[in-house]
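Quick notes on the structure that follows.
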């Protein structure tokens with residue numbers, strides 16, 4: 001009787017938890033809920049959660065594939081309650097540097113560094129449309145650009161033109 005109960009409980013566990021059924025010769029079976037997708041070679045860094053502080057992606061270095069799991073779909077993050085939500089609805093975190101603000105889905109272009117600075121704050125590459133993954137971040141406020149890690153006014157991004165040496169033509 002004990003053996004029958006044990007086998008029954010084992011079968012119930014395997015049936016209920018079909019997302020983790022594993023065998024050395026077979027692929028792991030994942031049954032992901034709506035809003036999630038299978039990932040058979042996920043990063044060992046669990047970065048599908050809504051971030052709680054800045055630079056959350058840079059705090060972990062992946063060393064290959066982690067255990068197969070369900071992950072939130074593109075441009076969604078795992079909310080504190082465990083469900084996947086649109087990334088732009090993640091709760092904001094505090095930005096600590098002057099002239100910065102939380103941006104849930106910062107644009108790919110322009111970035112906020114002086115290399116991409118323009119007086120209007122527009123992308124310097126006209127006509128380019130890029131769909132990028134939303135990664136909540138602290139970005140420089142309008143009119144400011146990042147230089148050496150700090151947000152500075154546009155005028156401080158400009159490179160002064162130095163006098164060039166004279167050029168001689170002819171003999």
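Residue numbers (the UniProt record's numbering): 1 to 171. The C-beta atom is built at its ideal place from N, Cα and C for all residues, glycine as well. A quick note: this is a predicted structure, and the numbers were derived from the prediction, not measured.
Are residue 99 and residue 144 touching if we call contact CB-CB under 7 Å? yes
Whole-angstrom Cβ separation of residue 93 and residue 54, contact assumed at under 8 Å? 6 Å
Residue closest to residue 67, alpha-carbon to alpha-carbon, out of 87, 105, 110 and 45: 45
Taking three-plus beta-carbon pairs below 8 Å as touching, is the region 134–143 in contact with the region 100–119? yes
Let me know if residue 36 comes out buried or exposed under the rule of 16 or more other beta-carbons within 10 Å of its beta-carbon. buried
Own chain residues within Cβ distance below 6 Å of residue 111, not counting five before or after: none
Among 29, 157 and 84, which residue has its Cα nearest to the Cα of residue 47? 84
Close-in-space but distant-in-sequence residues of the same chain around residue 158 (CB under 6 Å, 5 per side omitted): none
Spatial neighbours of residue 91 within its chain, please: CB distance less than 7 Å, with the 5 preceding and 5 following residues excluded, ordered by chain position. 50
Any idea what DSSP makes of residue 114, helix, strand or coil? helix
With 7 Å set as the bound, which would you pick, yes or no: does the beta-carbon of residue 86 sit closer than that to a beta-carbon of chain C? Absence of chain C from the displayed structure is noted, only one protein chain being present.
For a test of the three-state rule: what should DSSP assign to residue 154, helix, strand or coil? helix
Take residue 87 as the anchor and find which of 95, 74 and 41 has the nearest alpha-carbon. 74
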